[in-house]
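Following: one structure in structure tokens, then a few remarks.
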Ligand SMILES: [Zn+2]
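Numbering (this note's numbering), first residue to last: 3 to 80.
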């Protein structure tokens, strides 16, 4: 059974890549008995979802980025 500290690593890893079933099963077993890790997982999933929702900001075209910069520069001049 992983410790809560090890669980933070497992939970983070599980968001990046599918874990092998032995790790997945001990992780789910730990989640069944540990409210702290369930809460941590809920927060982690929430943050992951929020950040994934803003992915489009990283893929703006150069033209769009320049338009935003120009607009911000204009606002600071006012
Ligand atoms: Zn725990």
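Glycine residues also receive a C-beta, built at the ideal position from the N, C-alpha and C atoms.
Computed from a predicted structure; not experimentally measured.
Candidates the options: which alpha carbon is nearest residue i's?
{"i": "residue 17", "options": "54, 69, 34, 31", "result": "54"}
{"i": "residue 25", "options": "37, 10, 38", "result": "10"}
{"i": "residue 28", "options": "42, 13, 74, 52", "result": "13"}
{"i": "residue 40", "options": "77, 6, 75, 76", "result": "6"}
{"i": "residue 33", "options": "67, 65, 8, 76", "result": "8"}
Residue i: buried (16+ other C-beta within 10 angstroms of its C-beta) or exposed?
{"i": "residue 49", "result": "exposed"}
{"i": "residue 69", "result": "exposed"}
{"i": "residue 44", "result": "exposed"}
Our contact map puts residue i next to residue j with C-beta atoms below 8 Å; I'd like the distance itself, whole angstroms only.
{"i": "residue 31", "j": "residue 3", "result": "7 Å"}
| Any residue whose CB is nearer than 7 Å to a heavy atom belonging to ligand 1, listed in chain order | 6, 9, 32, 36, 38, 39
| Ordered list of alpha helix (DSSP H) runs contained in the region 17-54, each at least 4 residues | 23-35
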